[in-house]
């Protein structure tokens, strides 16, 4: 009778152990996409982000006269070469020190050009506004405006959580996860939350990365200052303790085998 009870216990533990194990399919992205499938109606790639107070912008105003250029771009003029300028603007510290911050009133204060209202405008519209002001002072001026603080925060079940900066006009949730070195084996890719700061508060979106439906979500393309949270799988604690459970299971199996030999 005791032997039968132990055998029943081992079988029960085996069922519990196997039921807690995850299939590799649980970690497959876009698994409902078929080969050579043509998906229509994808969202626009360009991020419709409106400049707000506290944003840091890169502003370049160039003309045919190098001496005049140093008046409008004093920081770039002080740098030795274009490569030095690039390195200074592509780090968080450089952006903070050498970029132009939009003040609390929503104005951009530039050398020579003075104060320009930019809050609530798209990046390309800000470029046009600065271009119009520069044309009053320079002939054939070339103006470039870029957002330097386009960052997202990736947290949760990823291998390298942290703050990541983007220097393209569009940035997807898949790219953000790739920058964080992908998800861990304990991640629930069906529950990835994007939190987006907006004027009235924060809006949240729940994405299922195993489905092609993510392409239809307004959160597929991230906005500056978005937060991405990868939730853990519901069986994470069981998976973390699976090694101990496996040892216990092996010990019980050996015990049952020994008892079986003794009874015989």
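In my numbering, the protein residues as written are 1122 to 1385. Just so it is clear, CB atoms sit at the ideal spot from N, CA and C, and this is done for glycine as well.
Anyone know if the C-beta pair for residue 1116 and residue 1343 falls short of 8 Å? Summary: the structure shown does not reach residue 1116, with the chain confined to residues 1122 through 1385, and so no result is reported for it.
Where the alpha helix (DSSP H) containing residue 1193 begins and where it ends: 1187-1193
Is the distance from the Cβ of residue 1310 to the Cβ of residue 1150 below 8 Å? yes
According to DSSP, is residue 1066 helix, strand or coil? Residue 1066 is absent from the model: the chain starts at 1122 and stops at 1385.
When you compare the CB positions of residue 1262 and residue 1234, do they come within less than 8 Å of one another, or not? no
For residue 1123, count the other beta carbons within 10 Å of its own beta carbon; 16 or more makes it buried, fewer makes it exposed. Which is it? At residue 1123, the pLDDT of 49 sits below 50, so the modelled position is not reliable and the matter cannot be decided from this model.
If contact is defined by three or more beta carbon pairs under 8 Å, each pair taking one atom from either stretch, is the stretch 1176-1194 in contact with the stretch 1262-1273? yes
With residue 1254 as the anchor, note down where its alpha helix (DSSP H) starts and where it stops. 1244-1255
In chain order, what residues of the same chain have a beta carbon less than 6 Å from the beta carbon of residue 1241, not counting five sequence neighbours either side? 1171
Short of 6 Å in beta carbon distance, which residues of its chain neighbour residue 1222, apart from the five on each side in sequence? Order them along the chain. 1177
Measure the Cβ-Cβ separation of residue 1231 and residue 1237 and say whether it is below 8 Å. yes
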